[in-house]
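Residue numbers (this note's numbering), protein chains in the order written: chain C, 1083 to 1156; chain D, 117 to 339.
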């Protein structure tokens, strides 16, 4: 399910068992957006490194498995 | 045969649960009953050589604190300050069709205070060791930072130790398993630290980007 228009957050007091569900605050929604941006950035970096790796392998004309053997990895 | 002063030189129990204990050759004494939950413990400093004592809690003595369903965009488990160890199990989680990550934070702290190192195996294709410092949460997909788990069969288990310390809280082990949108199996395991000098009072389970959980449960154990 995608983002809701009014995000809900749940709080559980582990001591008393009391549960509270309420709308997310402006600050909480802002943090969600920051987290989403951080994830997108991290994913872009990972994909960029993967592209670089593929380019190097193509340049060397070896497979990923052959590169792993060459470097002594498993 | 019941022990009584009339039938031996032993003292007689005075209350429910009292024990008659040898105190020396041909002599005995009464060990008054302890309190609920105490166990009999050998202690040579005691006059009768034994005492009632409350068993120490610690590793292996985790008990369930709370359990429930994941819902909304986050679940915060609070009032955890009395626990030295915590084990959080998250099962069958999904937020549907959007690529994101499951993340867990200590004390709702979103600063760059999470460090981890470990090993991951992405569908058997590119297993590797990895480390990350200055992360803003303990995430389920580091370093890929994305997951599209519509299969709702993901499992994430995080054990925290040293939770009451004013020093760092150790993320003793984080184990993750899930199927991505390609239905291939991914597994990861890490150790790490929450690098703030504060006790753990709450754990926040959420997704990166604020997506609504459509399935999943959490169970928290502590000692």
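Yeah, the Cβ is synthetic: ideal placement off N, Cα and C, and Gly gets one too.
(Q) With a threshold of 8 Å between beta-carbons, can residue 1145 of chain C be considered close to chain D, or not? (A) The sequence position of residue 1145 of chain C within the first chain is 63, counting from 1. By this cut-off, residue 1145 of chain C is not an interface position.
Q: State the DSSP-derived secondary structure class of residue 143 of chain D, mapped to helix, strand or coil.
A: Position 27 of the second chain, counted from the start, is the residue given in the question as residue 143 of chain D. DSSP places residue 143 of chain D in strand when its eight states are reduced to three.
(Q) Please state whether the Cβ-Cβ distance between residue 98 of chain D and residue 228 of chain D is less than 8 Å. (A) The structure shown has nothing for residue 98 of chain D, since chain D only spans 117 to 339.
Q) Which two residues bound the contiguous alpha helix (DSSP H) that contains residue 1140 of chain C? A) The sequence position of residue 1140 of chain C within the first chain is 58, counting from 1. 1108-1142 is the span of the alpha helix (DSSP H), which, as asked, contains residue 1140 of chain C.
Q: In the DSSP assignment, find the unbroken beta strand (DSSP E) run with residue 218 of chain D in it and report its ends.
A: Numbered from its first residue, the second chain carries residue 218 of chain D at position 102. Where residue 218 of chain D is concerned, the enclosing beta strand (DSSP E) stretches over 218-222.
Q | C-alpha gap between residue 66 of chain D and residue 142 of chain D, whole angstroms | A | Shown here, chain D extends from 117 to 339; a query on residue 66 of chain D therefore has no answer.
Q | 6 Å CB neighbourhood of residue 232 of chain D in its chain, flanking five on each side removed | A | Position 116 of the second chain holds residue 232 of chain D. So the list reads 248, 306, 308, once near-sequence residues are dropped.
Q: Note down the Cα distance separating residue 1154 of chain C from residue 321 of chain D, rounded to an integer number of angstroms.
A: One-based indexing of the first chain puts residue 1154 of chain C at position 72. One-based indexing of the second chain puts residue 321 of chain D at position 205. So the two alpha carbons sit approximately 39 Å from each other.
Q: Using 10 angstroms around the beta-carbon of residue 155 of chain D, count the other beta-carbons present and answer buried if the total reaches 16, otherwise exposed.
A: In the second chain, residue 155 of chain D corresponds to position 39, counting from 1. Exposed, since its Cβ has fewer than 16 Cβ neighbours within 10 Å.
(Q) In the DSSP output, which residue or residues are listed as bridge partners for residue 301 of chain D? (A) By 1-based counting over the second chain, the position of residue 301 of chain D is 185. The partner list for residue 301 of chain D (beta bridge, DSSP) reads D:295.
Q: Say whether chain D places a C-beta atom closer than 8 Å to the C-beta of residue 1120 of chain C.
A: For this step, residue 1120 of chain C is matched to residue 38 along the first chain. Interface residue, yes.
Q. To which residues does DSSP link residue 1101 of chain C through a beta bridge?
A. Locating residue 1101 of chain C in the first chain gives position 19, counting from the first residue. Its beta-bridge partners are C:1094.
Q) Going by alpha carbons, who is nearest to residue 178 of chain D out of D:330, D:275, D:219? A) Translated into positions along the second chain, residue 178 of chain D becomes position 62. The residue with the shortest Cα to Cα distance from residue 178 of chain D is D:275.
Q) Do you know offhand how far residue 290 of chain D's Cα is from residue 206 of chain D's? A) On the second chain, residue 290 of chain D is found 174 positions in, with the first residue counted as 1. On the second chain, residue 206 of chain D is found 90 positions in, with the first residue counted as 1. Approximately 11 Å between the Cα atoms of the pair.
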